[in-house]
Amino acid sequence: MEGSNSSSFSDFQEEIKQSNEKHSKNYFELCDICKKKVLIKEGRFLQNGTFLCYNCIKRIEEFLNFGTFNRYDYSYIKGIFWVIIVFSIAPSIHFPPLFCIPIGLLVIIIILTIIEKTSNKRALRNRKRTLYPELFGIDLNKYLDFWYKKPPDWKKRREKVLERDNHSCRICGSRKGLHVHHIVPQSKKGSHKLENLVSLCPRCHSDQPGHSQGLEIAFERGERIKEIIYTSKKELKARKYYECYICDGDIKPGDYYIRARTYTETYHICFKCSKKYYIY
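In terms of my numbering, the sequence shown opens at residue 1 and continues consecutively.
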């Protein structure tokens, strides 16, 4: 019995030692793309547990944000053709057979535009292939769907979600200040797949579990600031209590504040908000 207890205790100690080594910064992990062993502090774990080194993370971000590559540019030739078309219209009215000149040039411009787009697209692909050979032939979505923060293609995903939801909140139908919300949050290993994303307005977003009312308050303050269109403003010393129009805070007697006026409205703005939102 004593031997079995001592062996189980030693196994338990070994497990603790291995877990401590794994979570320490000196532990080596295999990168899923470049297949190199790097220190755990030199990379990041994705939401699904996949490990990527910082070098591969940087190269993926550069690959997705590469931009355009214009090897073929026929804009100068097309500009000359447009000038010829403009000056050939008037003679063509008096002599109809000359209409073949502008029509033929228009056809040439369309053909040049198609060649330009397809050639530049192919050139961009070849350029990416030479600069990032290790990323071709890999489905990057299996990494981007579980990115440790907002993925590099977040703007495209956001646009797709808004288009799917008709640019309206899925709960109340509002169209103002829409956010894209994770149904399963990232803190609980939620992915960035379109099935896990939904369009919500600031009010409905702040009502979700784990979200504060700060989202709604910030949106309302922004809307209030847009409404302030004043014809005159003064820096005054308060003689009585006022309520700040932006933050709803108290302006006590003796405090300096900004009074903005229109022909019909008067806004009392505390000194802190006036400096923060440049109303002075």
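Positions of the beta carbon are idealized from the N, C-alpha and C atoms, including for glycine.
Burial state of leucine 52 (16 or more Cβ within 10 Å): With a threshold of 16 other beta carbon atoms within 10 Å, leucine 52 meets it and is buried.
Where serine 199 falls: helix, strand or coil (DSSP): Note: serine 199 maps to strand in three-state DSSP.
Short Cβ contact (9 Å threshold) for isoleucine 258 with tyrosine 143: No, they are not a contact pair.
Lysine 150 to serine 187 span [Cα, whole Å]: Linking lysine 150 to serine 187 through their CA atoms gives a straight-line distance of about 13 Å.
Complete runs of the beta strand (DSSP E) confined to the segment 45 to 69 [at least 3 residues]: Within the segment 45 to 69, the runs of beta strand (DSSP E) that reach at least 3 residues and sit entirely inside it are, in chain order, 51 to 53.
Residues of its chain near lysine 78, where Cβ-Cβ distance is below 7 Å and the 5 sequence neighbours each way are ignored: Ile109, Leu112.
Same chain, Cβ closer than 8 Å to valine 161, neighbours up to 5 away in sequence not counted: For valine 161, where only same-chain residues beyond five positions count, the Cβ hits under 8 Å are Val180, Leu194, Leu197, Val198, Ser199.
Euclidean distance between Cα positions of lysine 128 and cysteine 247: Taking the straight line from one Cα to the other gives about 49 Å.
Anticipated Cβ contact below 8 Å, aspartate 85 with leucine 98, distance rounded: Inspection of the sequence shows that residue 85 is occupied by isoleucine rather than by aspartate. The pair is not a contact, with the Cβ atoms about 11 Å apart (cut-off 8 Å).
Backbone CA spacing between proline 253 and tyrosine 241 [nearest angstrom]: Whole-angstrom Cα-Cα distance: 6 Å.
Buried or exposed (CB count within 10 angstroms, at least 16 for buried), cysteine 273: Burial state of cysteine 273 is buried, judged by a 10 Å Cβ sphere holding 16 or more other Cβ atoms.
Euclidean distance between Cα positions of lysine 37 and leucine 135: Going by the C-alpha atoms only, they are around 18 Å apart.
Extent of the continuous beta strand (DSSP E) to which valine 180 belongs: Counting along the chain, the beta strand (DSSP E) containing valine 180 begins and ends at 179 to 182.
Cα-Cα separation, alanine 123 to phenylalanine 63: Across the structure, alanine 123 and phenylalanine 63 are spaced so that their CA atoms are roughly 15 Å apart.
Classification of phenylalanine 87 by the beta-carbon crowding that lies within 10 angstroms, buried from 16 upward: Here phenylalanine 87 is exposed: its Cβ has fewer than 16 other Cβ atoms, across all protein chains shown, within 10 Å.
Counted within 10 angstroms of its Cβ, other Cβ atoms place proline 133 as buried (16 or more) or exposed: Answer is exposed; the Cβ neighbour count stays below 16.
Simplified DSSP state of tyrosine 242, which is helix, strand or coil: In the three-state DSSP reduction, tyrosine 242 falls in the strand class (E or B).
Straight-line Cα distance separating phenylalanine 81 from asparagine 166: Computed Cα separation, rounded: 42 Å.
Cα-Cα separation between aspartate 250 and arginine 239, rounded to whole angstroms: A direct Cα-Cα distance of roughly 13 Å separates aspartate 250 from arginine 239.
Straight-line gap, histidine 268 to cysteine 201 (C-alpha atoms, nearest Å): Here the C-alpha atom of histidine 268 lies approximately 28 Å from the C-alpha atom of cysteine 201.
Three-state secondary structure assigned by DSSP to cysteine 204: Secondary structure at cysteine 204: helix, using DSSP grouped into helix, strand and coil.
Between the CA atoms of valine 107 and cysteine 100 - distance to the nearest angstrom: If I take the Cα positions, the gap works out to 10 Å.
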